[in-house]
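Visitor: Using UniProt numbering, the letters of the sequence shown correspond one by one to residues 1 to 534.
The beta-carbon is built from N, C-alpha and C at its ideal position, and this holds for glycine as well.
Before anything else, here's the structure in question.
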Amino acid sequence: RDLKGVIVTLSDDGHLQCSYLGTDPSLFQAPKVDSREINYEEMNAEMKELQKIIREATKTEDILPESEKQRDVTVTAEVSPDLDEESQAIDSEVKAGAVPSVTVKVTIESRVSAQKPSLAVCVQAPLAVTCDQFIFADLEPDSSETVVLSVFLKENCSPSELEGTCMVSYNIPTGIPRVAQCNFSLPLKLICFPAQPSKAANHKLTIDTNKPPISFVTIFPDFVDPSEGDQANALGFQFLAGSKTTLLASKTSQRYRIQSDQLEDLWLVTKELIHRLQAHFKKQNCKDFACTFSGSIPLQEYFELIDRHFELRLNAEKYQELLSERAVQFRAIERRLLTRFKDKTPAPLQHLDTLLEGTFREVIALADAAEENQANMFQAFAKLKSATHLVIMLISLWQKLSTDQVAILEATFLPLAEDTQELGWEETVDAAVSYLLRTCLSKSSKEQALTLSSQFSMPKDTNRLKKNITLFCDRLAKGGRLSFSTDSTTQQAAVMPGGCATIPESDLEERTVIPGSTAMFSSNGQITKQKSKP
């Protein structure tokens with residue numbers, strides 16, 4: 001259409017775009033104001049007629065979603081029990097020799113006519129799927145569509161969750177959009193493989209149960225060699241992008257120990273152990289099975305992961321500032337050179353070309369460093385999320401929290417699916433923990449009267465966040481309850497007679513008390529013993 005200067009681009013994933021620079025002129029003209037007098041009787045009659053039409057449409061067309069039992073379109077996902085014989089992993093950055101994949105079969109069943117159906121399959125990075133978007137032709141009543149895809153580990157770090165979501169969006173014949181979705185769980189062997197158990201490790205956890213230990217041949221048949229029989233009380237898991245994790249079952253007590261050189265690698269194995277134990281005893285019709293945790297919450301190790309992630313965020317901010325400075329310098333040199341080249345009387349460049357080349361190399365080097373820092377920050381955030389899941393689970397086992405209280409914990413410590421410079425994990429969690437400390441975990445009405453800042457900004461350090469997390473655990477240890485009900489103050493008074501003695505701010509600066517233990521970590525890293533009071 002006589003449009004000149006169109007920019008045609010083709011992206012890596014095949015999206016073709018035709019773009020042009022500039023703006024479209026606005027052809028809208030305001031209509032002239034009609035100065036005639038308003039007939040209120042006609043307007044009332046028209047309003048009643050429109051309300052009648054709206055009522056009729058509401059009766060005949062169901063706008064609200066139907067119940068689960070009467071879904072027009074249902075989507076189900078079936079994960080293969082075995083890994084793919086030939087891996088379907090594409091462009092994986094994992095340094096391990098062979099990256100496995102697992103097949104997921106997604107089926108869409110329609111009871112009515114579904115128009116413009118599309119399927120989206122989502123898994124949490126660093127996991128990836130071979131194809132995440134599917135578009136189908138209109139579905140007829142009582143018809144179905146099936147697609148097959150594979151999931152694999154793409155980035156060189158372990159995921160914090162082994163779950164995925166399938167979502168189908170479509171329109172019913174009346175034009176109303178609808179969404180159907182389902183979740184699926186991926187096997188642990190997708191990201192790790194059996195290995196020789198390790199005796200020594202930097203991080204150790206002990207999970208207590210109220211039932212005798214179960215043989216790993218029974219609960220981990222996919223990781224244990226059947227020839228070992230019931231004697232297998234030690235099991236090793238080698239993560240594709242992590243360290244080795246060892247699982248030990250006590251022969252004399254009802255305990256399981258999980259140990260690893262990396263704190264974040266304890267999470268998925270511990271979660272899988274508890275899940276499989278619960279499933280095993282559920283099959284045995286045992287309703288009183290319970291897991292507990294009586295050790296110390298590994299806050300110091302958790303704080304190290306927080307500091308590492310925050311340090312990379314600070315680096316990203318520095319790289320952004322340096323890149324901005326070099327870009328301004330680069331454009332200034334370009335203008336000088338352009339002025340020299342346009343001059344009718346040639347003048348010496350005075351090494352401006354050399355300066356331009358040097359600045360260009362600096363911009364490229366800074367961009368490469370910023371990109372590498374971004375990749376490191378992604379891995380650090382994945383490790384932080386895994387460690388956060390672990391801390392939440394240990395606190396819930398330690399305090400025997402209900403499902404609703406665990407949901408509050410997850411909303412507090414895992415508010416973000418992705419981490420950005422504008423809204424980061426540290427300031428978001430700090431605000432959420434501060435809110436809990438001033439509401440359901442407050443020790444006095446003065447704390448409840450304090451107002452929180454309504455603006456989020458990147459903090460200068462993580463000292464305040466670590467103090468609040470430590471104070472949060474301390475108040476839970478002294479009987480605090482996570483509840484947003486209106487009578488939370490009454491519940492607090494009933495649970496904590498005489499109030500809750502908190503850790504003074506000055507005391508927190510000198511040391512960090514780990515709840516559930518008598519060990520006190522001083523600022524210089526030495527461990528001192530604290531006598532327990534009767």
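Report buried or exposed for Asp225, applying the criterion of at least 16 other Cβ atoms within 10 angstroms of its Cβ.
Guide: Exposed: under 16 other Cβ atoms inside 10 Å.
Visitor: Provide the residue(s) that pair with Asn183 in DSSP beta bridges, ordered along the chain.
Guide: DSSP output for Asn183 lists Thr165 as bridge partner(s).
Visitor: Return the bridge partner residues of Pro177 from the DSSP annotation.
Guide: DSSP lists Asn171 as partners of Pro177.
Visitor: Give the secondary structure of Tyr20 by DSSP, where H, G and I count as helix, E and B as strand, and everything else as coil.
Guide: Coil.
Visitor: Please go through the segment 378-425 and give each complete alpha helix (DSSP H) segment of 4 or more residues, from N-terminal end onward.
Guide: Runs of the alpha helix (DSSP H) inside the segment 378-425: 403-413.
Visitor: Give the DSSP bridge partners of Tyr256, in chain order.
Guide: Looking at the DSSP assignment, Tyr256 forms a beta bridge with Ile207, Ala249.
Visitor: What whole-angstrom Cβ distance do Lys154 and Ser92 have, given they're in contact under 8 Å?
Guide: Lys154 to Ser92, Cβ: 5 Å. Contact.
Visitor: Would Met377 be called buried (16 or more neighbouring beta carbons within 10 Å of its own) or exposed?
Guide: That one is buried.
Visitor: Ignore the nearest five residues each way along the sequence and tell me which others in Lys105's own chain have a CB closer than 6 Å to its CB.
Guide: For Lys105, where only same-chain residues beyond five positions count, the Cβ hits under 6 Å are Glu78, Val148.
Visitor: Between Ser457 and Glu427, how many whole angstroms is the CB-CB distance? I'm expecting something under 8 Å.
Guide: That belief holds up - the Cβ atoms of Ser457 and Glu427 are roughly 7 Å apart, short of 8 Å.
Visitor: What is the DSSP secondary structure of Gln284, reduced to helix, strand or coil?
Guide: Residue state, collapsed to three classes: coil.
Visitor: When we look at the beta-carbon of Thr388 and count the other beta-carbons within 10 Å, is it buried (16 or more) or exposed?
Guide: Per the 10 Å Cβ criterion, buried.
Visitor: First and last residue of the alpha helix (DSSP H) that includes Glu311?
Guide: Unbroken alpha helix (DSSP H) run through Glu311: 299-342.
Visitor: Go to Lys116, then tell me how far its beta strand (DSSP E) extends in each direction, as first and last residue.
Guide: Here the beta strand (DSSP E) through Lys116 covers 115-123.
Visitor: When you compare each of Gln329, Leu305, Ser250 to Leu263 by their alpha carbons, which one comes out closest?
Guide: It is Leu305 whose Cα lies nearest to the Cα of Leu263.
Visitor: Please report the residue range of the beta strand (DSSP E) in which Val99 lies.
Guide: That residue, Val99, is in no beta strand (DSSP E); it is neither H nor E in DSSP.
Visitor: For Ile214, which three-state DSSP category applies?
Guide: In the structure shown, Ile214 sits in coil (DSSP, three-state: anything other than H, G, I, E or B).
Visitor: Within 10 Å of its beta-carbon, does Val151 have 16 or more other beta-carbons around it, so buried, or fewer, so exposed?
Guide: It counts as buried.
Visitor: Is Phe239 helix, strand or coil when you go by DSSP?
Guide: Phe239 falls in the strand class under three-state DSSP.
Visitor: Output the distance between the C-alpha atoms of Glu418 and Gln124, rounded to the nearest integer angstrom.
Guide: Going from the Cα of Glu418 to the Cα of Gln124 covers about 10 Å.
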